[in-house]
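Enquirer:
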Amino acid sequence: MTKKMSNPDEPVGFTVEGVLALAGGRGAVAKALGVSVQSVAKWDRRIPSQHARKVAVLAGLPLEIVRPDMVQRGHSEASDYVKAASK
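Counting in this note's numbering, the sequence shown runs from 2 upward without gaps.
Here is the structure:
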């Protein structure tokens, strides 16, 4: 049995399809972003940077999960969520 190689462009622990599902599905994401469902369906490897922040909000995930390459090293949006929730 072979183990599937992980894709370095996929969100850590989540596939693009998984993130889109958490955000309400392709149709809901397309509507929220003002793009076609076909456009969203083309996101097979990663969510485009111009849409990543909004998709992260829709999915209820920190940006570092959706697009780790867009977050500065040493800064964690996840820790910001924890700090805000503890207030």
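Backbone N, C-alpha and C define an ideal beta-carbon position, used for all residues, glycine too.
Going by other Cβ atoms of all chains shown within 10 Å of its Cβ, with 16 needed for buried, is A60 buried or exposed?
Expert: A60 is buried by the Cβ-count criterion.
Enquirer: Whole angstroms is fine: what's the gap from P49's alpha carbon to G26's?
Expert: Roughly 16 Å between the two C-alpha positions.
Enquirer: Confirm, please, whether the CB-CB distance from G28 to V38 is below 9 Å.
Expert: Yes, these two residues count as a Cβ contact at 9 Å.
Enquirer: Report the option in V67, E18 and A24 whose CA atom is closest to the CA atom of K43.
Expert: It is E18 whose Cα lies nearest to the Cα of K43.
Enquirer: How should R46 be labelled, buried or exposed, when 16 other C-beta atoms within 10 angstroms of its C-beta is the threshold for buried?
Expert: Answer is exposed; the Cβ neighbour count stays below 16.
Enquirer: Within the same chain, show all residues whose beta-carbon is closer than 6 Å to that of V72, passing over the 5 residues directly before and after it, in chain order.
Expert: Taken in chain order, the residues that qualify are L64 and E65.
Enquirer: Since I105 is in the alpha helix (DSSP H), which residue starts that stretch and which ends it?
Expert: No answer is possible for residue 105: the residues shown for the chain start at 2 and end at 88.
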